[in-house]
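Trainee: Handing you this structure, nothing more for now.
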Amino acid sequence: ECVPEREALLEKIQKMLIPRDPEDGNDVIMEIRGGAGGDEGNIFAGDLYRMYTRYAESQGWKVQVMEASVSEAGGFSQIVFSIKGTDVYKALKWESGVHRVQRVPKTETQGRIHTSTATVLCQPEIEEEDFELDMNDLTFETHRASGAGGQHINKTSSAIRITHFPTGIVVQCQNERSQHMNKDKAMQMLKAKLFLLKQQEAEAKLSGIRGEVTDIGWGNQIRSYVMQPYTMVKDHRTSEETGNVDAVLDGEIDPFINAYLKWIALSKKTAEQ
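In our numbering, the protein residues as written are 30 to 302.
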């Protein structure tokens, strides 16, 4: 009778043993890009966006689109959105990486199975006082927004593009009605990217000192979503899997998040022994 309760308590303790990152309580800026597979990669990017918004809703978090490039076939070639709530970064930071889908695409006329990818990047939203940015390193460009958004879109140059010269990072925002609001959103996106880059560089330096070889990029495949010829979602880091692909794409990703937290806790414990 006590076994399930003991297992649940053990899992809770293991999570509590994971050192808390200073940014764990932060809101996040997520970026999803269609990858390999052309139109199907973009459609899958749209599926992942829906998955994360459904998960956010289940947690009582708020989602707001910051920038989106809609694909003609459906989905997005790129979409950037914020998620605000309690401990959002703690839960979603593990989602960064390449997600792979195997299925017969809507665009496939002969019923052939295709493999496509989309890339997810989860970045902590950084407060003004937590990150210093030299404004001399930036250039600001304004242009007219394109796509859906109302009549104002063709009348004003409200869209903002910011380039950070030292890194070559470019961000843009056109979803808000005013140039000022677009600038604020674009600055948030830029700070998140620069903070994550700084964090990755520090991790790479530390790995070099330890003699470890690690891929700190966000291009490594982390999860597969197989819909044909069988159904399975599998996380390649923890081996957590389920046959209910529809439920996962409807936002039921807690088992994968919990499995990774457990895996992190066990990895740290093993490293200390």
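We put the CB at the ideal spot given by N, CA and C, even for glycine.
Considering residue 150, what are the terminal residues of the beta strand (DSSP E) in which it resides?
Mentor: 143 to 153
Trainee: Specify the secondary structure class of residue 193 as computed by DSSP and reduced to three states.
Mentor: strand
Trainee: Alpha carbon to alpha carbon, how far is residue 273 from residue 177? Give it in angstroms, no decimals.
Mentor: Residue placement at residue 177 is flagged as unreliable, the pLDDT there being 47, under the threshold of 50; the coordinate-derived value follows with that caveat. When rounded, the distance between both Cα atoms is 35 Å.
Trainee: At what residue ranges does the stretch 46 to 133 contain a whole run of the beta strand (DSSP E), taking only runs of 3 or more?
Mentor: Correct list: 57 to 63, 91 to 99, 105 to 113, 126 to 132.
Trainee: What span of residues does the alpha helix (DSSP H) with residue 275 cover, start to end?
Mentor: Residue 275 -> alpha helix (DSSP H) spans 274 to 278.
Trainee: Just mark residue 54 as buried or exposed, buried being the case when its beta carbon has 16 or more other beta carbons within 10 Å.
Mentor: exposed
Trainee: Once you ignore the five residues that flank residue 108 on each side, which residues in its own chain have a CB closer than 6 Å to its CB?
Mentor: 61, 78, 97
Trainee: Alpha carbon to alpha carbon, how far is residue 150 from residue 125?
Mentor: 5 Å
Trainee: Going by DSSP, what residues sit across from residue 188 in a beta bridge?
Mentor: Residue 188 is bridged to 172.
Trainee: Please classify residue 170: is it buried, with 16 or more other beta-carbons within 10 angstroms of its beta-carbon, or exposed?
Mentor: Label assigned to residue 170: exposed.
Trainee: Mind checking residue 179: buried by the 16 CB within 10 Å criterion, or exposed?
Mentor: Caution applies to residue 179, whose pLDDT of 41 falls short of 50 and renders its modelled position unreliable; the value that the coordinates give is listed next. With fewer than 16 Cβ atoms within 10 Å of its Cβ, residue 179 is classed as exposed.
Trainee: For residue 193, which option in 216, 259, 204 has the closest C-alpha, if you only look at C-alpha atoms?
Mentor: 216
Trainee: Nearest by alpha-carbon distance to residue 257: which of 38, 135, 59 is it?
Mentor: 135
Trainee: If I measure Cβ to Cβ from residue 138 and keep anything under 6 Å in the same chain, skipping five residues before and after, which residues do I get?
Mentor: none
Trainee: Which same chain residues end up closer than 6 Å to residue 73 when comparing Cβ atoms and leaving out the 5 residues on each side of it in sequence?
Mentor: The beta carbon of residue 73 lies closer than 6 Å to those of 130, 145, 147 in the same chain, with the five residues before and after it left out.
Trainee: Which class does residue 135 belong to by DSSP, given the choice of helix, strand or coil?
Mentor: coil
Trainee: Could you tell me whether the Cβ atoms of residue 221 and residue 154 are closer together than 7 Å?
Mentor: Against a cut-off of 7 Å, the Cβ pair of residue 154 and residue 221 comes out as a contact.
Trainee: Exposed or buried, which one is residue 186 when buried takes at least 16 other CB atoms within 10 Å?
Mentor: exposed
Trainee: Compare the C-alpha of residue 120 against each of 228, 259, 58 and name the closest.
Mentor: 58
Trainee: Which residue comes first and which comes last in the beta strand (DSSP E) that contains residue 251?
Mentor: 250 to 255
Trainee: Which value, in whole angstroms, describes the spacing of the CA atoms of residue 270 and residue 152?
Mentor: 25 Å
Trainee: Taking the beta strand (DSSP E) that residue 304 falls in, what are its first and last residues?
Mentor: Here the chain covers residues 30 to 302 and nothing more, so residue 304 does not appear.
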